[in-house]
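*Asks:* First residue of the sequence shown? That's 513 in the numbering used here, and the numbers climb one at a time after it.
Before I ask anything, let me first share the structure, which is written out below as structure tokens.
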Amino acid sequence: MVTSINTNLLLSLYQSQLGSTGLTAAAGTSTASTKYAPTAPWSSGGQAPDASEAIKSALLGRKFIDENAAKLDLQGASADYKKLFALYQGLSTLSGLAERMQKKGVTSVEKAQIERAFARGMQEVETYVGKAAFEGLRLTQGQAVERTKSTAPIPRPKTEYVTQPIFTGTSAEAVPAFQGDVKFNIKIKRAGVNHDVAIDLAGMGSQTRSMANVVTYINDQLAAAGVDTRLATQRIPGKPKTIESGGKTITLSNTPGPDQWALKVKTSVGETVTFDAPSTAGAVYVVQTAGDPDPDGKASTKDGVLQQQLMKFQTDTTSVDSPPQPDGETYWVDGRAFSRTMGPEVKAVRASQVGPDGSVYMLADITSKTAGQEIRGDQDVALLKYDAAGNLVYSRTLGAANEASGLALAVSADGKVAIAGAVKGVLNGVTDGPTNSGATGTYAGQSDSFVTLFNADGEELWTARRGARQDDEATQVSFAADGTVLVAGRARSTMPGTSAIGDWDSYLEGFKPDLEKTAQDPAGKVKTLFTQSFGTTGSDQPVGMVVDGNSVVTATIEEGRAVLRRFDISGGTPVLTATRDLGDLQGGGIAGLALDGGQIVIAGYTTNASLSAGAVSRAHAGGTDAFAARLSADLTPAAGDRIAYYGGAGDDKATSLAVSGGQVWIAGAAGTDLPGHPDAVGKKDGFLARLDVDAGAVDWSRRFTGKDGQAAPTSIAIDPNGASVLDRLGLPKGTLAAKDSPLITAQTSLRAGDQFQVRAGTGRWQTVTIDANETIDTLAQKIRRAVGFQANVKVSSSGNSRVLTITPQTDRAVIEFSAGKADKDALEFLGIPAGVVRATDSKGGKTVSGDGKPTFYGLGLESGLSLKNDTEISHALANLAKAQGVIRSAYRALVDAATPDDPLANAQITGGKAPAYLQNQIANYQAALARLGGGS
513 MVTSINTNLL LSLYQSQLGS TGLTAAAGTS TASTKYAPTA PWSSGGQAPD
563 ASEAIKSALL GRKFIDENAA KLDLQGASAD YKKLFALYQG LSTLSGLAER
613 MQKKGVTSVE KAQIERAFAR GMQEVETYVG KAAFEGLRLT QGQAVERTKS
663 TAPIPRPKTE YVTQPIFTGT SAEAVPAFQG DVKFNIKIKR AGVNHDVAID
713 LAGMGSQTRS MANVVTYIND QLAAAGVDTR LATQRIPGKP KTIESGGKTI
763 TLSNTPGPDQ WALKVKTSVG ETVTFDAPST AGAVYVVQTA GDPDPDGKAS
813 TKDGVLQQQL MKFQTDTTSV DSPPQPDGET YWVDGRAFSR TMGPEVKAVR
863 ASQVGPDGSV YMLADITSKT AGQEIRGDQD VALLKYDAAG NLVYSRTLGA
913 ANEASGLALA VSADGKVAIA GAVKGVLNGV TDGPTNSGAT GTYAGQSDSF
963 VTLFNADGEE LWTARRGARQ DDEATQVSFA ADGTVLVAGR ARSTMPGTSA
1013 IGDWDSYLEG FKPDLEKTAQ DPAGKVKTLF TQSFGTTGSD QPVGMVVDGN
1063 SVVTATIEEG RAVLRRFDIS GGTPVLTATR DLGDLQGGGI AGLALDGGQI
1113 VIAGYTTNAS LSAGAVSRAH AGGTDAFAAR LSADLTPAAG DRIAYYGGAG
1163 DDKATSLAVS GGQVWIAGAA GTDLPGHPDA VGKKDGFLAR LDVDAGAVDW
1213 SRRFTGKDGQ AAPTSIAIDP NGASVLDRLG LPKGTLAAKD SPLITAQTSL
1263 RAGDQFQVRA GTGRWQTVTI DANETIDTLA QKIRRAVGFQ ANVKVSSSGN
1313 SRVLTITPQT DRAVIEFSAG KADKDALEFL GIPAGVVRAT DSKGGKTVSG
1363 DGKPTFYGLG LESGLSLKND TEISHALANL AKAQGVIRSA YRALVDAATP
1413 DDPLANAQIT GGKAPAYLQN QIANYQAALA RLGGGS
């Protein structure tokens, strides 16, 4: 008789015998009794400290990481476990604090306490990770990778320029923008020789002016001229039709719409390409805020989505046909050549100006990454340069660590750009004044005035931060004839070298355009030429400034009145020579100040129908009206002084002024009816108007609206010859920007003096400091030297950018990067992650370090995690959870290393024989089974 035996009995019998020899697996992974590793606090059998008690302890100021509190349930276990468990608990406490911030009913006082505890805990964790020594592993706060790359947007030289879409349809259809009299010139400079290629589409005869045919025709002309530059078409595939509703995108049809088409200019290395047109017209660039700031009428919901837009208007059709409405453009109005919506990071644009090359410069406040550049704080300032076709040429961020606001912009005749505004917190690499509020101390939360000077390539020459102890701001900036940078602003306490007058005092300052360098300070400092306060005992606000030879004219609002002052600066110190009070604005404001033909032009808005600004050439219409006035430049009342009001029966406000060639332009917000525009277009409309102040006539005007039926112009700039047939083709006036500045400080938010640390192996940390003229190539050489040439640091191309690629020189080399000091860290803005770069190898199916030492584990724990808002809290929780996951992985690796191999598993894996003792045991079991079954 044969008895059937369950084979599991054999397994159990084998395991019992195996257990008696001490070869069991780790606790929690086998039914055996022997433990080879302590139980982790996160496992089901672990003893994790009470989370609420840990949070309370942290809020009371106690340590986040306590190795003595980490209990091990295995005597003699490696100290590595205790360190991992203690670190894990510290991260858990940090997560608990973050989760507490998300709960309802937490008071502002408790939130502040939690934030302080969290910051302290992060610092404790970072310090612990940096100092902790392990036996069976290596740990770094950052990442552990085989190679690392920078992500800073350092641009490659451009060989292509792509226009905005100019047509919707097929490449064989006639394009409306190509119809009519289309003439322009392509000027190509090659090896010092100019090649002028005149393009006239009339030469195509009866051929259809389609995308394909026009490009072929133009390329034939370029080939005949012997140049390499060519045009091509760029297809933008059609997309399903969608609409925006309630903040969501709704797809109306899954069927793709028609394709869009753009022109592409493909330039050759060594060729410079310039576009111009034989016939031009005036152009006005308008910057506006579009959108409803409060759609649901509840301020607490903050549901408004505002957009900043750049629009271009052609103001004359005598020589150039009016631009057609571009495909897909909404809220279009006759004369508008284009409208470009800026990114959501652009919060406000307060100033704009056309440069000598026809480009448009704008000064913006930004709240997040722009043009690939990360910002340091909550809000920074960006200088934006657009070409005449509305395409971004470059973006330059200030690099403020906390908050900055851009309030004034000026462009000199030789292309230099000065910007000014207010900054809070740290701003590195600047010339500081003696009474700044500072980044720490009693006045740390107050704002300081700043002014920055850029060269014609958009590279920062210098920044001066010169303020008072209490709040101050620079609101106006101009260039004198000799290049001196003039600044006007206001301060709530005394500026350096001045005396207090009242509440907010106005001030006038001058800065030398060139840095003052010495043998002791070869980098140089900004030299202040003078600082002078002026105003009343009340609250004053400078709202305009112009330079007239050796004199400066300012416009201020003082106790509600519009006041002009003229200062003589020829002697090195401002001397007040004239003052003119225009009267009570009655709640109104000043939009700007300009100089034209020996006269001062001032614009603004008021309910006062009889300002003291000369004869009224156009009467006040009611409510609040915009106004523009022409006055004698010496501020003496003269017979030729005139003031013209503009508006209807409602409240109309001029918010910006620009003057060119005798033409006075104002833009602003419309109330109800306007001259020539009795009916509203949207809920809240904007307007643009050209006034003949002397005659009191409105020579040209447009009324328009924007997103959600609301538009509010904030700035205008004029190019008297800026419009042409090129606008219809999407091509810019002027020379295509083939390359941008190579400086790291120009292409990122990094400032001179920012730092990071790097070392090879366990050697001494070396500090790498960013210089004002740092390029990606000079930085690569600095890193090579800092690590003793133990790293391969290559500069290569990735897409449209130049990047650093860093790998160990040998398998045994280990390169480690660490962030710089607080508010001076350069790693984040270079896009190089903190952590270790090392070679790896594969042994027994596992990845090990190439240097033969314990494995590196990278926590990926970011420095500077915070709980200041919901987004930051969510990010912190995700980052902490990721770091905890790395600790669990390190624990599993320690357990695996401590657990002896299973001989049976090894035999099965390798395909070899079981050990002799095991074969003998199995033979005995088989004999016993045979006897039980009655076999012989």
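Glycine residues also receive a C-beta, built at the ideal position from the N, C-alpha and C atoms.
Nothing here was measured: the structure is a model prediction, and the numbers come from that model.
Please report how far the alpha carbon of Leu-535 lies from the alpha carbon of Val-1407, in whole angstroms.
*Replies:* Residue placement at Leu-535 is poorly supported in this model, since its pLDDT is 37, which falls under 50; the coordinates still yield a value, given next. Roughly 14 Å between the two C-alpha positions.
*Asks:* Please go through the same chain and pick out, in chain order, the residues whose beta-carbon is closer than 8 Å to the beta-carbon of Leu-525, but skip the five residues on each side of it.
*Replies:* Unreliable positioning characterises Leu-525 in this predicted model, as indicated by a pLDDT of 45, which lies under 50. The coordinate reading is nonetheless provided below. Result list for Leu-525: Tyr-1437, in chain order.
*Asks:* Starting from Glu-1374, follow the alpha helix (DSSP H) in both directions and report where the run begins and ends.
*Replies:* Careful: Glu-1374 lies outside any alpha helix (DSSP H) and carries neither H nor E.
*Asks:* Would a C-beta distance cut-off of 8 Å place Gln-489 and Gly-1218 closer than the cut-off?
*Replies:* This structure gives no information on residue 489, because the portion of the chain shown stretches from 513 to 1448.
*Asks:* Apart from the five residues on each side of it in sequence, which residues of its chain come closer than 7 Å, Cβ to Cβ, to Glu-841?
*Replies:* For Glu-841, where only same-chain residues beyond five positions count, the Cβ hits under 7 Å are Ser-851.
*Asks:* In whole angstroms, what separates the C-alpha of Ala-544 from that of Gly-1357?
*Replies:* Only weak support is given to the placement of Ala-544: the predicted model assigns it a pLDDT of 48, under 50, and the question is left unresolved by the model.
*Asks:* Consult DSSP for Thr-1290 and reduce its assignment to one of helix, strand or coil.
*Replies:* Three-state result, Thr-1290: helix.
*Asks:* Confirm, please, whether the CB-CB distance from Val-777 to Tyr-673 is below 8 Å.
*Replies:* Cβ atoms of Tyr-673 and Val-777: closer than 8 Å.
*Asks:* In angstroms, rounded to a whole number, what distance separates the CA positions of Thr-909 and Asp-969?
*Replies:* Their Cα atoms are separated by approximately 14 Å.
*Asks:* For the candidate residues Tyr-898, Ser-907 and Gly-889, whose alpha-carbon lies nearest to that of Thr-882?
*Replies:* Nearest of Tyr-898, Ser-907 and Gly-889 to Thr-882, Cα basis: Ser-907.
*Asks:* Closer than 8 Å by C-beta to Ile-1421: which residues in its own chain qualify, once you throw out the five before and the five after it? Chain order, please.
*Replies:* Low per-residue confidence applies at Ile-1421: pLDDT is 49, beneath 50, and the placement is therefore not dependable, though the value from the model is reported in the following sentence. Same-chain partners within the cutoff: there are none.
*Asks:* In this structure, does DSSP put Ser-542 in helix, strand or coil?
*Replies:* Here the model assigns Ser-542 a pLDDT of 43, short of 50, so the residue's position is not dependable, and the following value carries that caveat. Ser-542 falls in the coil class under three-state DSSP.
*Asks:* Suppose you measure from the CA of Ala-538 to the CA of Gln-614; what does that come to, to the nearest Å?
*Replies:* Note on Ala-538: pLDDT 42, under 50, position unreliable in the model; the coordinate value appears next. Cα to Cα, Ala-538 sits roughly 39 Å from Gln-614.
*Asks:* Which of the three DSSP states, helix, strand or coil, is assigned to Leu-895?
*Replies:* Strand.
*Asks:* Quick one: what's got a C-beta closer than 8 Å to Thr-533's C-beta in the same chain, skipping five residues either side?
*Replies:* Caution applies to Thr-533, whose pLDDT of 39 falls short of 50 and renders its modelled position unreliable; the value that the coordinates give is listed next. Here the set comprises nothing.
*Asks:* Give me the residue from Ala-992, Ala-1106, Asp-994 and Ala-1003 with the minimum Cα distance to Phe-962.
*Replies:* Nearest of Ala-992, Ala-1106, Asp-994 and Ala-1003 to Phe-962, Cα basis: Ala-1003.
*Asks:* In angstroms with no decimal places, state the Cα-to-Cα distance between Ile-500 and Leu-571.
*Replies:* Residue 500 is absent from the structure shown; the chain starts at 513 and stops at 1448.
*Asks:* Relative to the C-alpha of Val-705, which candidate in Val-872, Arg-888 and Thr-784 has its C-alpha closest?
*Replies:* Nearest option by C-alpha distance: Thr-784.
*Asks:* Count the other CB atoms, across all protein chains shown, that sit within 10 Å of the CB of Glu-1328; report buried if there are 16 or more and exposed otherwise.
*Replies:* By the neighbour-count rule (16 or more Cβ atoms within 10 Å), Glu-1328 is buried.
*Asks:* Report buried or exposed for Gly-1397, applying the criterion of at least 16 other Cβ atoms within 10 angstroms of its Cβ.
*Replies:* Counting Cβ neighbours within 10 Å, Gly-1397 comes out exposed, since fewer than 16 surround it.
*Asks:* Could you pull the DSSP bridge partners for Leu-1088 from this structure?
*Replies:* Answer is Phe-1079.
*Asks:* Is it buried or exposed, Leu-764, if we count other Cβ atoms within 10 angstroms and call 16 or more buried?
*Replies:* Looking at its Cβ environment, which holds fewer than 16 other Cβ atoms inside 10 Å, Leu-764 is exposed.
*Asks:* For the alpha helix (DSSP H) containing Gly-642, name the first residue and the last one.
*Replies:* It spans 620–643 - the alpha helix (DSSP H) in which Gly-642 sits, taken as one unbroken run.
*Asks:* For Thr-954, is the classification buried or exposed, using 16 other Cβ atoms within 10 angstroms of its Cβ as the cut-off for buried?
*Replies:* Thr-954 comes out exposed.
*Asks:* Tell me the residue span of the alpha helix (DSSP H) that contains Leu-875.
*Replies:* Taken as a continuous stretch (DSSP letters only), Leu-875 belongs to no alpha helix (DSSP H), being part of the beta strand (DSSP E) at 872–878.
*Asks:* Mind the definition here: the stretch 691–701 touches the stretch 1236–1251 only if three or more C-beta pairs lie below 8 Å; say whether that holds.
*Replies:* Enough Cβ pairs lie closer than 8 Å, so yes.
*Asks:* Would you check if the distance between the CB atom of Ile-1228 and the CB atom of Tyr-797 is smaller than 8 Å?
*Replies:* It is a contact, given that the beta carbons lie within the stated cut-off.
*Asks:* Just how far apart, CA to CA, sit Ile-1112 and Ser-1144?
*Replies:* C-alpha separation (whole angstroms): 6 Å.
*Asks:* What are the boundary residues of the alpha helix (DSSP H) that Phe-646 is part of?
*Replies:* Run containing Phe-646: none; DSSP gives neither H nor E here.
*Asks:* What separation, rounded to the nearest whole angstrom, lies between the Cα atoms of Gln-1431 and Tyr-548?
*Replies:* So the alpha carbons of these two residues sit roughly 27 Å apart.
*Asks:* Label Pro-1054 either buried or exposed according to how many other C-beta atoms from any shown protein chain fall within 10 Å of its C-beta, with 16 as the threshold for buried.
*Replies:* Its Cβ being crowded by 16 or more others within 10 Å, Pro-1054 is buried.
*Asks:* Tell me the start and end of each unbroken beta strand (DSSP E) in the stretch 839–865 that is at least 3 residues and wholly inside, in chain order.
*Replies:* Qualifying beta strand (DSSP E) stretches, in chain order: 848–853.
*Asks:* Provide the residue(s) that pair with Thr-909 in DSSP beta bridges, ordered along the chain.
*Replies:* Its beta-bridge partners are Ala-894.
*Asks:* Excluding the 5 residues flanking Phe-1042 on each side, which residues of the same chain have their C-beta closer than 6 Å to its C-beta?
*Replies:* Counting only Cβ-Cβ distances below 6 Å, and skipping sequence neighbours, we find Gly-1022 and Thr-1085.
*Asks:* Any contact between the stretch 807–823 and the stretch 1247–1263? By contact I mean 3 or more CB pairs, one from each, below 8 Å.
*Replies:* Result no; under three Cβ-Cβ pairs closer than 8 Å.
*Asks:* Let me know the secondary structure DSSP gives Pro-1054 once reduced to three states.
*Replies:* In this structure, Pro-1054 counts as strand in the three-state DSSP scheme.
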